[in-house]
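Let me begin by presenting the structure, written as structure tokens, before commenting on it.
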Amino acid sequence: MIIRSWRAIATSQAVIDEYIAHLQATTFREMAALDGNLGASLSKKPVGDKFELLYLSYWRDMDAVKLFAKGAPLDDAIVKESTQKRLESYDPKVEYFEVCASSATLPGQLNN
2 MIIRSWRAIA TSQAVIDEYI AHLQATTFRE MAALDGNLGA SLSKKPVGDK FELLYLSYWR
62 DMDAVKLFAK GAPLDDAIVK ESTQKRLESY DPKVEYFEVC ASSATLPGQL NN
């Protein structure tokens with residue numbers, strides 16, 4: 002399983018609430034329809050008077066990620082314009098991690 006990670010900064014809890022509503026109404030549903038997508042999550046961490054956001058999406062393999070990227074460079078963040086307007090800043094690049102062990106129940110099946 003592959004984890005695709007991306008970070009951003011939100012200025013308030015209200016912005017996070019709007020972003021969550023957007024994710025639940027559109028992004029999570031769109032991604033769930035893609036072959037090889039195993040889910041996604043959004044986490045937050047207070048940093049001063051703002052919040053750091055960590056978006057993780059879970060993929061069966063890198064071939065599934067390539068389908069999601071639709072030909073764009075795999076390390077480029079795919080950030081909708083409406084999301085760009087909500088957030089104070091965001092990383093233009095993403096990172097990938099291959100899950101090699103876990104004690105938790107994760108999306109999908111681990112075969113290791």
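Under our numbering, the first residue of the sequence shown carries the number 2, and numbering increases by one thereafter.
Beta carbons are placed, not taken as given, at the ideal position from N, Cα and C, and that holds for glycine.
Excluding residues up to 5 positions away in sequence, I21, L24, L54, Y56 lie with their Cβ nearer than 7 Å to the Cβ of L43 in the same chain. The beta carbon of K94 sits closer than 7 Å to the beta carbons of D76, D77, A78 from its chain, once the five residues preceding and following it are set aside; these are given in chain order. Sixteen is the threshold: when 16 or more other Cβ atoms of the shown chains lie within 10 Å of the Cβ of F52, as they do, the residue is buried. Pairing G40 with M32, the inter-Cα distance amounts to about 8 Å. The straight-line gap separating the alpha-carbon atoms of G49 and F98 is approximately 28 Å.
Going by beta carbons, E89 and T12 fall inside the 7 Å limit. Under a 10 Å Cβ-count criterion, T106 is classified as exposed, with fewer than 16 other Cβ atoms of the shown protein chains found around its own Cβ. For S44, the enclosing beta strand (DSSP E) has its first and last residue at 38 to 48.
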